[in-house]
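Quick note on our numbering: the sequence shown kicks off at 590 and runs consecutively.
Below is one structure; the comments refer to it alone.
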Amino acid sequence: MRRFWIFELFFTIMSKDIKSVEHSPKIHQRNDPQHVNDRTFFIDASNQSLTAIPLEIFTFTELEEVHLENNQIEEIPQEIQRLKNIRVLYLDKNNLRSLCPALGLLSSLESLDLSYNPIFSSSLVVVSFLHALRELRLYQTDLKEIPVVVCKNLHHLELLGLTGNHLKCLPKEIVNQTKLREIYLKRNQFEVFPQELCVLYTLEIIDLDENKIGAIPEEIGHLTGLQKFYMASNNLPVLPASLCQCSQLSVLDLSHNLLHSIPKSLAELRKMTEIGLSGNRLEKVPRLICRWTSLHLLYLGNTGLHRLRGSFRCLVNLRFLDLSQNHLDHCPLQICALKNLEVLGLDDNKIGQSLKELYIENNHLEYLPVSLGSMPNLEVLDCRHNLLKQLPDAICQAQALKELRLEDNLLTHLPENLDSLVNLKVLTLMDNPMEEPPKEVCAEGNEAIWKYLKENRNRNIMATKIQAWWRGTMVQRGFGKFGELLKPQKKGKTSPKDKKGKKDVKGKPGKGKKK
């Protein structure tokens, strides 16, 4: 078996119905020992800083899938035509400006990704010869128009990705795409909804986020198979009543438009699991939303809400609820009925300005909101019998706090400056795996805890001073720059934050699984 020094090879036998999902690994790479010494079907040469496609690749004529994304490749050689069996080809994030005619000879190609390349629009005519193509991704390729021949000649497309271009309209020939299930037109320049989409009855996903569209045509109701409809960040003042005919609709994002209400007819959409309405001037929760009992995610941030409807408690399947940036002056009681709720956003409201006592014991809370520090009158905080692993440092700003009950949690440390709560008289920490301060110190009461925290803080300050002195001395003796000495001495270790990966802002999930 030939090995290349430029890149690492992975081998697998690919199934006959490859489904690729954007923004996630496009395939599962593995070594199949039964076929390593047989024929090569899959090569991954992505992220290798290649300036050209290694010609050795074209000697593997049985290849079915090739990954060359995120390199610096500037052209596709004529030898590409040797890969007669290739079905999946990823060339996104390179420096391609033109496509060689030989690419059009790949008669078995089903999935092609040319995204994030500065491709000339005229060069895309080559793609029209790929009659077996099912998935075509052209994200951020600076397109101003789609070549008509692409829409005329490709009759098997199921996914068309055109996000991040300069499109203002679609060619009328798009109606030939009678098998199209997913179309992504986010971040373009549409001012009018592409009417042609309303006759593509196979469509299941439409993404038109971040355009300038002012109206959705009544004909949208013809798309009875539509499941996910993304229209966030447009200029919609109203919605068509006919949208209720899209009976399979489960995800609808209308965030950041000009809506004041939602048509009552939409109550018929019984399969709704996610609705985004943030950034509209609703001022009250639309009554019909409370009938969508299958909802899992509900975005109502910055909608001018002062209260929730009593029927809001019917949304028993909600897992995520965003009520941030509204005018709520208290925590709505209806939320207590939402037994499956996992994430609740109440930040940037008016809650807590006059709140004196907060009882949240006997739940499954893993963390407390930082906003506790902005409750100037809070005197009692009861968090017993939860799953708290740490307290936010901001709790030290709640200077009116007199009672802090934390029994039966998972706490191991206390905030370093907790002793700044001079009014705190009751602090309970039983049944926690305390380490800092140790359990025996916690058992002695507040004075012992305050003494421990103060001494520990002084030790840390002294250690910092000694460390700074030592580094300064090392610099004077010529052992390196001060900035270099600030770096961790132990290399090869990854911080817990890096291991876990970055969280979404405020812990909020993104929109549902767009390709």
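In this text, a Cβ means the ideal position worked out from N, Cα and C, and glycines have one as well.
Fair warning: this is a prediction, and the values are worked out from it, not measured in the lab.
Tell me whether D982 sits in a helix, a strand or coil according to DSSP, three-state version.
helix
Determine the direct distance from the alpha carbon of S867 to that of L1007, and round the result to whole angstroms.
36 angstroms
Neighbour-count burial assignment, A821, 16 or more Cβ in a 10 Å radius:
buried
Contact check, P707 vs N684, beta carbons under 8 angstroms:
yes
Identity of the residue in L980, N1012, F782, L698 nearest Y679 by Cα:
L698
Checking 8 angstroms against the spacing of the C-beta atoms, do E799 and E771 come in under that value?
no
Mapping the DSSP letters down to three states, classify R770 as helix, strand or coil.
coil
Note the first and the last residue of the continuous beta strand (DSSP E) segment covering V932.
932 to 934
Take G962 as the anchor and find which of Q986, E996, L976 has the nearest alpha-carbon.
Q986
Work out the CA separation of L993 and E1044 for me, nearest whole Å.
22 angstroms
Would R973 pass as a contact of E950 if the rule is Cβ separation under 8 angstroms?
yes
In its own chain, which residues sit with a C-beta less than 8 angstroms from the C-beta of I675, not counting the 5 before and 5 after it?
L652, E653, E654, V655, L695, S697, L698
With C-beta atoms as the reference, is G865 less than 8 angstroms away from D842?
yes
Among residues of its own chain, excluding the 5 on either side of V715, which ones have a beta-carbon nearer than 8 angstroms to its beta-carbon?
L688, C689, P690, L692, G693
Over the uninterrupted beta strand (DSSP E) stretch that includes E946, give me the two end residues.
946 to 948
Beta carbon of L886, beta carbon of R908: below 8 angstroms?
yes
What residues in its chain sit with their C-beta under 8 angstroms from that of P958, if we drop five residues either side in the sequence?
L935, D936, P981
Specify the secondary structure class of D1008 as computed by DSSP and reduced to three states.
helix
Bridge partners for F909 per DSSP, in chain order?
L886, V932
Taking buried to mean at least 16 other C-beta atoms within 10 Å of its own C-beta, is K775 buried or exposed?
buried
Helix or strand or just coil, what does DSSP make of K562?
Past the boundaries of the shown model lies residue 562; the chain is included only from 590 to 1104, so the question cannot be answered.
The alpha helix (DSSP H) with E645 in it runs from where to where?
Neither: E645 is in no alpha helix (DSSP H) and is coded neither H nor E.
Based on DSSP bridge pairs, tell me the residues matched to S700.
V677, E724
Contacts around G899, its chain only, beta-carbon distance under 8 angstroms, and the 5 residues preceding and following it disregarded:
Q923
Range covered by the beta strand (DSSP E) that runs through E863
863 to 865
Which two residues bound the contiguous beta strand (DSSP E) that contains E762?
Premise fails: E762 is in no beta strand (DSSP E) and is neither H nor E.
First and last residue of the uninterrupted beta strand (DSSP E) at E1029
Segment 1028 to 1031 is the alpha helix (DSSP H) holding E1029; no beta strand (DSSP E) there.
Are the beta-carbon atoms of K860 and L838 separated by less than 8 angstroms?
yes
If you count every other CB in all the chains shown that lies within 10 Å of the CB of H849, and 16 or more means buried, which is it?
exposed
First and last residue of the beta strand (DSSP E) that includes V969?
969 to 971
What first and last residue would you give for the alpha helix (DSSP H) that runs through V739?
737 to 742
May I ask you to report which of helix, strand or coil DSSP gives E992?
strand
Compare the C-alpha of Q834 against each of L847, H845, L812, F818 and name the closest.
L812
Please report the straight-line C-alpha distance between D911 and L933, rounded to a whole angstrom.
6 angstroms
For H656, list the residues DSSP reports as bridge partners.
D633, Y679
Decide if Q778 is buried, meaning its Cβ has at least 16 other Cβ atoms within 10 Å, or exposed.
exposed
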